[in-house]
Structure formats: C-alpha cells, structure tokens
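Heads up: the structure comes next, in structure tokens.
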Amino acid sequence: MQLFAPALAFVDLETTGTGAGSDAITEIGIVRVDVADPAGPPTVTEWSTLVNPGVPIPPEIQALTGISDAMVRNAPTFAQIAGEVRARTDGAVFVAHNARFDYGFLKHAFARDGQSFTARVLCTVKLSRRLFPEAGHHNLDSVIARHSLPIDGRHRALGDARVLWAFVQALYRDLPDAAIAEAAKRVLRVPSLPPQLDAGALDALPEAPGVYLFYGLNALPLYIGKSRNLRERVGAHFSSDYRSATDSRLSAEIRRIEFEETAGEIGALLRESALVKSLLPAHNHALRRKVESGVLELPAQPGPPRYVAAAGVEPGTIAGCFGPFSSQRSAREALRSLAAEHALCWKALGLEKRQGPCFARQVKRCAGVCVGAESPEAHHARLAEALATHAIPPWPFGGLAAMREQSLLSQRVDVHVLRDWCWLGTATDEGELGRLIEAPPRPVFDADITRLLVRTSARGRLPLFPLR
Ligand SMILES: [Zn+2]
Numbered sequence: 495m496q497l498f499a500p501a502l503a504f505v506d507l508e509t510t511g512t513g514a515g516s517d518a519i520t521e522i523g524i525v526r527v528d529v530a531d532p533a534g535p536p537t538v539t540e541w542s543t544l545v546n547p548g549v550p551i552p553p554e555i556q557a558l559t560g561i562s563d564a565m566v567r568n569a570p571t572f573a574q575i576a577g578e579v580r581a582r583t584d585g586a587v588f589v590a591h592n593a594r595f596d597y598g599f600l601k602h603a604f605a606r607d608g609q610s611f612t613a614r615v616l617c618t619v620k621l622s623r624r625l626f627p628e629a630g631h632h633n634l635d636s637v638i639a640r641h642s643l644p645i646d647g648r649h650r651a652l653g654d655a656r657v658l659w660a661f662v663q664a665l666y667r668d669l670p671d672a673a674i675a676e677a678a679k680r681v682l683r684v685p686s687l688p689p690q691l692d693a694g695a696l697d698a699l700p701e702a703p704g705v706y707l708f709y710g711l712n713a714l715p716l717y718i719g720k721s722r723n724l725r726e727r728v729g730a731h732f733s734s735d736y737r738s739a740t741d742s743r744l745s746a747e748i749r750r751i752e753f754e755e756t757a758g759e760i761g762a763l764l765r766e767s768a769l770v771k772s773l774l775p776a777h778n779h780a781l782r783r784k785v786e787s788g789v790l791e792l793p794a795q796p797g798p799p800r801y802v803a804a805a806g807v808e809p810g811t812i813a814g815c816f817g818p819f820s821s822q823r824s825a826r827e828a829l830r831s832l833a834a835e836h837a838l839c840w841k842a843l844g845l846e847k848r849q850g851p852c853f854a855r856q857v858k859r860c861a862g863v864c865v866g867a868e869s870p871e872a873h874h875a876r877l878a879e880a881l882a883t884h885a886i887p888p889w890p891f892g893g894l895a896a897m898r899e900q901s902l903l904s905q906r907v908d909v910h911v912l913r914d915w916c917w918l919g920t921a922t923d924e925g926e927l928g929r930l931i932e933a934p935p936r937p938v939f940d941a942d943i944t945r946l947l948v949r950t951s952a953r954g955r956l957p958l959f960p961l962r
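For the sequence shown, this note's numbering begins at 495 and goes up steadily by one.
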C-alpha cells in the first residue's frame, strides 16, 4: 500500500482540559503505520498508556472519557514515557484530529521535561475539509458517520487514534491516490527544511510578496521564484514527502536562501523576470519558457501568421501583434481552435503543407480556400477578424507610464516604469524614479509581463499614469 508519506503516526490524547499550557495529559494512544514496501501491506503498531497528570481530573472530563483519578494514580508520568512517545513518532508525519491541540499539548509536555519536540503535522480536520468541501461538519463523529468507520473505544486515546487510521484507509478505498497526496501536501503545514539549511531560514522570510533565490555552493542561484507570501511559498518547496523532481534536487543542493521583498505581486513578477534573465539559474524552467515565448504577426497580404520568438520581438511594434504565447506550439494550438471556430483553412494558417484540400476541409471544417472555394483575400480578412481576440492593443500612452503598487503590510511603495507593454524598471524612491525617466533602459519583451499588463488593462484594472 502506498500512502502520502512513508510513515504516519496517528496520535490522540486525553487530557484534564483544553489548555495546553495549564492542563495535563491523562492518556496517549499512537497508531504507527510504516510503509516499507509499497507492494505489500503496511506495518501497523499500536501503543497506548494512561498518564498520571499529577492533578485531579475534572468530573465532567472523567464522565466523557471514563478515565478516573483512581485509574491514573499508578500510571507513569509523562517524563517516564516521553522517550517512548518520541520513538513512536520519530520520522513519521504526526496525524491528529484538530492536530494543533494534540501537537501543542505534546510540545508543552516535552518542554516541561526540558525537551523540544517537533514533527511535521497533518490535521485530519483540514484533510477532511479539503477533500470533502461540501460536507458541513468535520468533527470526529461526523467523519465516523460519513465514512462508516469502525469504532472501538471512542473518547479513549487508542480508540480515537484507530479511527483516524481507519479514516485514511477509507480515503484510499474511495478516492484516487493522487487526490489524497495532493490534499495531504497542502495540509501538511510545517515544512521540514533540508538539514544543511539553517533551522531559522524560514522564519527569516517575511510573509510578504517578493522574489526568493536558492543558492547551492556556486555563486549563481539554483532557482528563482516569486510569491505573494514568501515564507509560505518557500516552505512549500520542502513540505511534502513525495516532492517533485525539481524540489528534490533543490533540497539536496540548497545551502542558503536570499530574498527581495516587493510591494505587491506585479513587482514580484517583474523582479523575477529580470533576475531569471540575468542570473540563468540552473533549475529554472521559467527561462526556457521565456526564450520559447513569442507573438504572432499577420502579414498585410494573404499569407500564414508568422511566429516571432521572444528574442526577435521589437517592443515598439508589439501592438498589432497577437498573443503573447508561451511557445510556438501553444500559438499553433490557438490557431487550430480558431480554425475550428471560424471554418479557417489549416494550409492557409501554415498548420500543414500537404497537396490538395487541407485536413479541416476533409472533415468539412474549412470554408475551402485550399480548393478555390474562397478567395485568399476573403480568407485573410476572416483570419484577421478571428485573430482579433488575441490582439495586443495599442499602448495607450505616448511614451513612459508608471504604475504604483503599495504593500498591504508595510509602507513600501514600488513605482514600475513601463512602455509598449514592457517593463523598464522599478523605483522605490524619487531619485530612482528620476533616473529611470531621464535615462530609461531599452524595453525588452517578456511574454509573462506583457500578458499580465494586457490582461489587467483589459479588465480596466491597470492603474497607469503617463510620465511624459
Ligand atoms: Zn483548407
């Protein structure tokens, strides 16, 4: 059996109350599941013990759990079983219902014993919520009822821990493995940083928009990324057991993280684009995408649209072109769907080079310019009309324009200077802005930036003002 992590520890605690700092544990149950061989059944080991809390158990809690003062009087203290708890959760994902409660209690209990305790935590309430968003309730009784889970000792630690393991098994019975893995990945909150990184590396990152750079041993970065929340995004690179190939490589090679905060998401995208181009990170697919991206040009006389890759795109003539597209292949896909929609000819679009009628004509989807049933001029006019949905509109300003972006979290303001749907630079103060206006760099086409600007503008949400 394949699970979303090679080892899971389902944990449930009974306590004297709900305050992790003030109340104490009266019982611990752990069901540990190890997947040594995905082809075979997992190894399941159960363990449970009463714990002497050192204080009386309130009567209402005794009534709920059935655990009385008399029962715990001769039980071990937490200090006496701390090592056992650590061993049984070591290396496993800590799974609990309302995990913050159980995990918080254990952390406090270990701390009182002078020890630290950390684990990657998966909360089954959150997992249930993510997989069954339409369900109204996600408390344990609702989950038991929804999935017809077997109950043996509800409100006792081992009984409830067993229910959680039964819940995960029910998920694998009812849902595709990939859906469970994806949900678990999102719910797993505490990322395990690669051991060679400083333990505080994540805490050093702000929960703000910006770009981040992963460095290995070389002077050039391994990876550059952007996010509206730097800490969360960087953590996500390291938070799953089954990582993407890229994240696995990054985890092995990363030595330090650098970041640059920006005022907003647009600034982060602009900065990422510039960094990717200038630093050529070894693991960045974004760069290849940028090189392959481009626009379509339509000749004035009848003839197929021409794909111009990024390096050949002149920002001054970008208005009137179509796109941008992430690759020639995606441009051809767009043409194929226009052909289907408007009865255009595959040969006239440059999609094929055969003799006689085009493929679309053979399935009666082409109006017939390829067999002389339509004039090339008429077809070209229809093509121009069809392509209009992809047209890059005229730049609405004579020259430079600026866009102001202010951080929601800090006082930071970024002023992005733009021309011809391209980015020239970002200023964070008047001096920088003055220098950008005095001596603007030559604009360079970047498909991601142009697409973002054109789309935002089409929605009337581009707060641009002309500079001169
Ligand atoms: Zn045709």
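We put the beta carbon where it would ideally sit given N, CA and C, even for glycine. Computed from a predicted model, the values in this text were never measured in an experiment.
- Taking 8 Å as the cut-off, the Cβ atoms of D914 and I812 count as close.
- As a beta-bridge residue in DSSP terms, Y709 pairs with P715, R750.
- A distance below 8 Å separates the beta carbons of S820 and R783.
- Going by DSSP, T583 is part of no beta strand (DSSP E) but of the alpha helix (DSSP H) stretching over 572-583.
- The beta carbon of S767 sits closer than 7 Å to the beta carbons of D940, D942, I943 from its chain, once the five residues preceding and following it are set aside; these are given in chain order.
- With a cutoff of 7 Å, R823 does not count as near ligand 1, since its C-beta is closer than that to no heavy atom of the ligand.
- Under the DSSP assignment, R936 falls outside any beta strand (DSSP E); it carries neither an H nor an E label.
- Annotated as proximal: D528 and A501, with beta-carbon spacing under 8 Å.
- Apart from the 5 residues on each side of it in sequence, R680 sits with its Cβ closer than 8 Å to the Cβ of R624 in its chain, given in chain order.
- Counting only runs of 3+ residues, the beta strand (DSSP E) found wholly inside the stretch 816-859 occupies 816-819, in chain order.
- Annotation: the continuous beta strand (DSSP E) that includes R898 extends over 895-900.
- Closer than 7 Å to some heavy atom of ligand 1: that does not describe the Cβ of V857.
- Closest in C-alpha terms to V857, from the list A872, L838, H873, comes L838.
- With a 10 Å radius around the Cβ and a threshold of 16 neighbouring Cβ atoms, F959 comes out exposed.
- Nearest to I519 by C-alpha distance, out of I575, E879, P535, is I575.
- Between the stretch 799-806 and the stretch 744-764 there are fewer than three inter-stretch CB-CB distances shorter than 8 Å, so the stretches are not counted as touching.
- A885 and C852 have their C-alpha atoms roughly 26 Å apart.
- Close CB contacts of P888 within its chain, under the 8 Å cut and outside five residues either way in sequence, are with A813, G814 (chain order).
- With respect to the 8 Å criterion, T509 and F599 are classified as neighbours on the basis of their beta carbons.
- With at least 16 other beta carbons inside 10 angstroms of its own, P547 counts as buried.
- For W889, no alpha helix (DSSP H) segment is defined, and its DSSP state is neither H nor E.
- About 6 Å separates the beta carbons of S745 and F732, which is inside the 8 Å limit, making them a contact pair.
- Shortest Cα-Cα distance from A573 to any of E701, L544, D563 involves L544.
- At least one heavy atom of ligand 1 sits closer than 7 Å to the Cβ of G862.
- Here D528 carries a strand assignment [DSSP, helix/strand/coil].
- Counting C-beta atoms within 10 angstroms of its own C-beta, G523 has 16 or more neighbours from the protein chains shown and is therefore classed as buried.
- For P796, the shortest C-beta to heavy atom distance toward ligand 1 is 7 Å or greater.
- Here the alpha carbon of V911 sits roughly 45 Å from the alpha carbon of A854.
- The stretch 601-660 is shown to contain whole alpha helix (DSSP H) runs of 4 or more residues at 618-625, 634-641, in chain order.
- Here DSSP, grouped into helix, strand and coil, assigns S562 to coil.
- The beta strand (DSSP E) runs lying completely inside the stretch 756-791 and spanning 3 residues or more are 788-791, given in chain order.
- By the 16-neighbour rule on beta-carbons within 10 angstroms, G788 is buried.
- In this structure, DSSP gives D908 an extended state, which the three-state scheme calls strand.
- If you draw a 10 Å sphere on the C-beta of L946, you find 16 or more other C-beta atoms in it, and that means buried.
- Shown here, L665 sits in a helix according to DSSP, grouped into three states.
- About 4 Å separates the CB atoms of A664 and H641; that is less than 8 Å, so the two are in contact.
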